[in-house]
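In UniProt numbering, the protein residues as written are 1 to 182.
Note that beta-carbon positions come from the ideal geometry of N, C-alpha and C, so glycine has one too.
All of these numbers come straight from a predicted model, not from anything done at the bench.
See below for the structure under consideration.
The following block contains the structure:
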């Protein structure tokens, strides 16, 4: 959807897409599920731009908010935090990381995260602290929410999880100057 309609979305529309996804993820977390494959490719969008999280093939029901997969299990590297590719440990916090990458996908209108890097380089770069750049359409406040999702130790739950109201009221009110480093 994004690639065909690039440059036609307002920042408010992009934020609304993120809000819909965060509400879906909040529901999953509240009911004890870890998605494990949250990405824009796994979201359904109708003509009114209402978004639903889908593709629950990797989802797991957990009692203690943690799931350790067996070694050798395939996973979406470019959407995964260090604890997944280093220890195969999933939790609602790993879904939060993926949500930050999804936000980045939304605000780049469909770019592939780390598009020029193979998976082994992404693992190395993310482990060294490298994060995705601020998309042109993301205000500093929106990018701050993405960065909170990608914090290794103090990852906070974004959008509807806890920050949706803050995101909607302050996310668009900041300087929309593009990041010229990319």
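Relative to residue 27, the option among 61, 82, 103, 111 whose CA is nearest is 61.
Rounded to whole angstroms, residue 38 and residue 90 show a C-alpha spacing of 12 Å.
For residue 113, the number of other beta carbons within 10 angstroms of its own is at least 16, and it is reported as buried. Look at residue 50 here: in three-state DSSP terms it is coil, with no helix or strand label. Here residue 90 carries a strand assignment [DSSP, helix/strand/coil]. Taken through DSSP and simplified to helix, strand or coil, residue 128 comes out as coil.
Taking every protein chain shown into account, the CB of residue 98 has 16 or more other CB atoms within 10 angstroms, so this residue is buried. The C-beta distance from residue 34 to residue 92 rounds to 6 Å, short enough to fall under 8 Å.
Per the C-alpha coordinates, the member of 110, 6, 23 positioned closest to residue 96 is 23. Residue 66 has 91 as its beta-bridge partners, per DSSP. Look at residue 133 here: in three-state DSSP terms it is coil, with no helix or strand label. Taking C-beta atoms as the reference points, residue 110 and residue 6 count as a pair closer than 8 Å.
Sequence-distant Cβ neighbours of residue 14 in its own chain, meaning closer than 7 Å and more than five residues away, are 106, 107, 137.
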